[in-house]
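Residue numbering for the sequence shown follows the working numbering, beginning at 39 and increasing consecutively.
Where a beta carbon is used, it is the ideal one built from N, C-alpha and C, also for glycine.
In what follows, a single structure is set out as structure tokens and then discussed.
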Amino acid sequence: MDRDPDALCVPPLRSMADPLVARCLYSGKGYMIPLNQCMDYSELYEDIFRTFQFFPTDNVELQYSVPGCEVCFLRNDRDFQMLFCSARIHRLECVDISVLKVGGGFRRNGSVDSGSEVIDEDDYLGDAFRTEVHKTYLSDEWTS
39 MDRDPDALCV
49 PPLRSMADPL
59 VARCLYSGKG
69 YMIPLNQCMD
79 YSELYEDIFR
89 TFQFFPTDNV
99 ELQYSVPGCE
109 VCFLRNDRDF
119 QMLFCSARIH
129 RLECVDISVL
139 KVGGGFRRNG
149 SVDSGSEVID
159 EDDYLGDAFR
169 TEVHKTYLSD
179 EWTS
């Protein structure tokens, strides 16, 4: 049987017997985990979260790099599948995943109940900066 020279040649997907190895790095520490396409992003994220013992309120970002793309974000299942595609294209067997703790904010569905209340006018200023008389900054009232 002759092959069509114009046909696309798609390399086979990685099988479970041929996993991609991820070297997860955070704060000078690392661990390796085999990845396969039966996994999804949330499994990887939760494994990393447990391994590095983050708090539930920590906001963690995952990034990896491949030749030609210095920073690739790993945020969802689609990005997770692109990790496999990129590894296959570049014939990589191991990919470094940088684990970054970003901000001090809330993760996913955070709450603002414990936040500070809105402060009226210039109450947040000390006595040295507070004006005694409120000044009008516009010479005329706003008219439509």
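Between the beta-carbon of Leu58 and the beta-carbon of Glu108, is there less than 8 Å?
Reading the sequence shown from its first residue, position 20 is the one you call residue 58. Reading the sequence shown from its first residue, position 70 is the one you call residue 108. Taking 8 Å as the cut-off, the beta carbon of Leu58 is found no closer than this to the beta carbon of Glu108.
What are the boundary residues of the beta strand (DSSP E) that includes Cys107?
Translated into positions along the sequence shown, residue 107 becomes position 69. Element bounds for Cys107: 107-112.
Going by DSSP, name the residue or residues bridged to Ser124.
What you label residue 124 is simply residue 86 of the sequence shown in a count that begins at 1. Answer by DSSP bridge pairing: none, since Ser124 is not bridged.
Below 8 Å on the Cβ atoms is my contact criterion, and I expect Asn114 with Tyr79 to pass it. Report the Cβ-Cβ distance as a whole number of Å.
The residue you call residue 114 lines up with position 76 of the sequence shown. The residue you call residue 79 lines up with position 41 of the sequence shown. Confirmed, Cβ separation roughly 6 Å.
Less than 8 Å between C-beta atoms, sequence neighbours within five positions excluded: which residues of the same chain meet that for Val140?
Within the sequence shown, residue 140 is the residue found at index 102, counting from 1. Same-chain partners within the cutoff: Asn97, Val98, Glu99.
Since I believe Val133 is in contact with Ala125 (beta carbons under 8 Å), could you give me their beta-carbon distance rounded to a whole number of angstroms?
Along the sequence shown, read from residue 1 onward, the residue named residue 125 stands at position 87. Along the sequence shown, read from residue 1 onward, the residue named residue 133 stands at position 95. Contact holds; Cβ gap of about 6 Å.
May I ask which residues mark the beginning and end of the alpha helix (DSSP H) holding Asp96?
Along the sequence shown, read from residue 1 onward, the residue named residue 96 stands at position 58. Taken as a continuous stretch (DSSP letters only), Asp96 belongs to no alpha helix (DSSP H), as it is neither H nor E.
Quick one: grab the DSSP three-state call for Asp134.
For the purposes of this step, residue 134 is identified with residue 96 of the sequence shown, where counting begins at 1. In the structure shown, the three-state DSSP call for Asp134 is strand.
Ser103 by DSSP, collapsed to three states: which one?
Taking the first residue of the sequence shown as position 1, residue 103 is located at position 65. Here Ser103 sits in strand by DSSP.
So the beta strand (DSSP E) Arg61 belongs to, where does it begin and stop?
As a first step, residue 61 must be located in the sequence shown, where it is residue number 23. From DSSP, the beta strand (DSSP E) with Arg61 extends over 58-64.
Hey, could you find the ends of the beta strand (DSSP E) Met70 is sitting in?
For the purposes of this step, residue 70 is taken as residue 32 along the sequence shown, with counting starting at 1. First-last of the beta strand (DSSP E) with Met70: 67-73.
Following the continuous alpha helix (DSSP H) through Arg129, name the residue where it begins and the one where it ends.
Residue numbering aside, residue 129 sits at position 91 when the sequence shown is read from its first letter. Neither: Arg129 is in no alpha helix (DSSP H) and is coded neither H nor E.
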